[in-house]
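J.: Sharing a structure, written as structure tokens. Questions coming.
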Amino acid sequence: DLLTARRVEAEIWARQGILAGRGGGAHRGIGEEVIPIAFCNNLTKTDCIQVNFRTFFCLFTKPGITLKDMVAFSMGKCARGEGFYTPENGLLGGCGTLGESSVRYVGAAVAATVKHTKDITIFIQGDGASNHGATHEAMAVAGAWHLPVVFVIQNNRYGMGTSVNKAYSIEDLSLRGIGYGLPSERVDGNDMIAMYMVARKHVDRCRSSGGPSLIAADTWRLRGHYEGDSQMYRPKGEAQDWWKKEPLARYQKELMDRGVLTETDVEQIEAEVKDEIKAVFVEVDKMPLREDFFELYQKTAIAEL
Numbered sequence: 609d610l611l612t613a614r615r616v617e618a619e620i621w622a623r624q625g626i627l628a629g630r631g632g633g634a635h636r637g638i639g640e641e642v643i644p645i646a647f648c649n650n651l652t653k654t655d656c657i658q659v660n661f662r663t664f665f666c667l668f669t670k671p672g673i674t675l676k677d678m679v680a681f682s683m684g685k686c687a688r689g690e691g692f693y694t695p696e697n698g699l700l701g702g703c704g705t706l707g708e709s710s711v712r713y714v715g716a717a718v719a720a721t722v723k724h725t726k727d728i729t730i731f732i733q734g735d736g737a738s739n740h741g742a743t744h745e746a747m748a749v750a751g752a753w754h755l756p757v758v759f760v761i762q763n764n765r766y767g768m769g770t771s772v773n774k775a776y777s778i779e780d781l782s783l784r785g786i787g788y789g790l791p792s793e794r795v796d797g798n799d800m801i802a803m804y805m806v807a808r809k810h811v812d813r814c815r816s817s818g819g820p821s822l823i824a825a826d827t828w829r830l831r832g833h834y835e836g837d838s839q840m841y842r843p844k845g846e847a848q849d850w851w852k853k854e855p856l857a858r859y860q861k862e863l864m865d866r867g868v869l870t871e872t873d874v875e876q877i878e879a880e881v882k883d884e885i886k887a888v889f890v891e892v893d894k895m896p897l898r899e900d901f902f903e904l905y906q907k908t909a910i911a912e913l
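The numbers in the numbering used here rise by one with no breaks, and the one at position 187 of the sequence shown is 795.
Printed below as a string of structure tokens:
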């Protein structure tokens, strides 16, 4: 999943850059894939999840969602947010005002409680969005009502061009949950195994009526806020240090050190992933582009108005 996510994101960005005539503007998620993948692999089809907008392509790892869905969404081959907005698959969409969606997803947790289902909600957002007022309101309600929701701060160290050190007075962002009565935990968001185990623990706890919790997952934004960002706000040498900690190479090395993978295995997996992604793009390329106003208005007869 991690390798597929990394490779498909690169292909999506390359395609979008060609379509736009340049590569600027894209918000890329290289190095942050572990966090959503760890949660998606622990969820059911009807569980709700909001992922950080940089890593939306990782949603193909959630039951009910395919790689084709995410590629079609990225390439403008669906309308009304189809792919990213499919409530039957637990995707309630997002919005450009980061943090505001937290209220909607807490609403999903309220619905699960009222309906007495075992569905849970995962709400993932960055350190920047986690400072927005709506997020605090959502956590306050979740704590007071003992709702089945896990909040995740995907701390990639920068909110646009503002360092987390300038936006927070604390170094451990998991401390944010204490004031709302949320059991909180900090984890290395670049460690695939550690992240998966923490995700599973909190998902199981939440599903067993343990109530809400908060996880602060530490990672790093390996690209700029957008492609073309000068990144003048970053100290020299910082990027090189964090590239050494990026999760894909780190996880591959760990598996090879444990004897789980060999060089031959790695080459075979790379080839299989390449073929899978190529086949998906061939399918999506054949799909027609949706018109700008497709399904924009409700199909209601004038006589009924």
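Built from N, CA and C at the ideal position, the CB exists for glycine as well.
Since the structure is predicted, the reported quantities are computational estimates derived from the model, not experimental observations.
Buried or exposed, going by whether 16 or more other CB atoms sit within 10 Å of the CB of Ala-634?
T.: buried
J.: Can you determine whether any heavy atom of the ligand GDP sits closer than 7 Å to the C-beta of Asp-849, and answer yes or no?
T.: Of ligands this structure carries none, so the ligand GDP is not represented either.
J.: Use the C-beta contact count for His-724: other C-beta atoms within 10 angstroms, 16 or more gives buried, fewer gives exposed.
T.: Result: exposed.
J.: Just to confirm, is the Cβ distance from Val-922 to Ala-825 under 8 Å?
T.: Any answer about residue 922 is impossible in this case: the structure gives the chain only from 609 up to 913.
J.: Taking Cβ to Cβ, would you say Lys-676 is nearer than 8 Å to Val-888?
T.: yes
J.: Consult DSSP for Gly-629 and reduce its assignment to one of helix, strand or coil.
T.: Because the pLDDT of Gly-629 is 46, which lies under 50, any placement of that residue in the model is unreliable, and the question is left without a value.
J.: Is Ala-911 helix, strand or coil by DSSP?
T.: Annotation note: pLDDT 48 at Ala-911 (below 50); position unreliable, no value reported.
J.: Classify Cys-703 as buried or exposed, calling it buried when 16 or more other Cβ atoms lie within 10 Å of its own Cβ.
T.: exposed
J.: Pick helix, strand or coil for Cys-686, following the three-state DSSP scheme.
T.: coil
J.: For Lys-853 and Ala-802, I'd like the C-alpha separation in whole angstroms.
T.: 14 Å
J.: Could you check the C-alpha separation between His-810 and Pro-644 for me, to the nearest Å?
T.: 14 Å
J.: Grab me the residues of Ala-742's own chain with a C-beta within less than 6 Å of its C-beta, minus the 5 sequence neighbours each way, in chain order.
T.: So the list reads Gly-707, Glu-708, Ser-710, Val-711, once near-sequence residues are dropped.
J.: Does the beta-carbon distance from Gln-839 to Gly-845 come in below 8 Å?
T.: no
J.: Looking at Leu-611 and Val-642, is the spacing between their C-beta atoms short of 8 Å?
T.: No, Cβ-Cβ distance for Val-642 and Leu-611 is not below 8 Å.
J.: Could you pull out every unbroken alpha helix (DSSP H) segment of at least 4 residues lying fully inside the stretch 651-708, listed in chain order?
T.: 675-682
J.: In the DSSP assignment, find the alpha helix (DSSP H) that holds Gly-983 and state where it starts and stops.
T.: Residue 983 is absent from the model: the chain starts at 609 and stops at 913.
J.: Taking the alpha-carbon positions, what's the Cys-686 to Leu-897 distance?
T.: 7 Å
J.: Which residue's Cα is closest to the Cα of Gln-762: Gln-733, Ile-786, Tyr-788, Leu-790?
T.: Comparing Cα positions, the closest option is Gln-733.
J.: Quick check: what's the CA-CA separation for Gly-629 versus Glu-875?
T.: Since pLDDT at Gly-629 reaches only 46, below the 50 mark, its modelled position is unreliable, and the value read off the structure follows with that caveat. Distance between the alpha carbons of Gly-629 and Glu-875: 33 Å.
J.: Under the DSSP definition of a beta bridge, which residues are partnered with Thr-729?
T.: Cys-656, Val-757
J.: Report yes or no: is there a C-beta of chain C within less than 8 Å of the C-beta of Gly-751?
T.: Given the protein chain composition of this structure (a single chain), no chain C is represented.
J.: Grab me the residues of Tyr-788's own chain with a C-beta within less than 6 Å of its C-beta, minus the 5 sequence neighbours each way, in chain order.
T.: Met-747, Ala-748, Gly-751
J.: Tell me whether Gly-639 is buried or exposed, calling it buried when 16 or more other Cβ atoms sit within 10 Å of its Cβ.
T.: Classification for Gly-639: buried.
J.: According to the neighbour-count rule (16 or more other Cβ atoms, all chains shown, within 10 Å of its Cβ), is Asp-735 buried or exposed?
T.: buried
J.: In chain order, which alpha helix (DSSP H) runs of at least 4 residues are fully inside the stretch 811-891?
T.: 846-851, 855-865
J.: Let me check understanding here. Comparing Cα to Cα, which of Met-678, Phe-661, Pro-671 lies closest to Asn-649?
T.: Here the closest residue by C-alpha is Pro-671.
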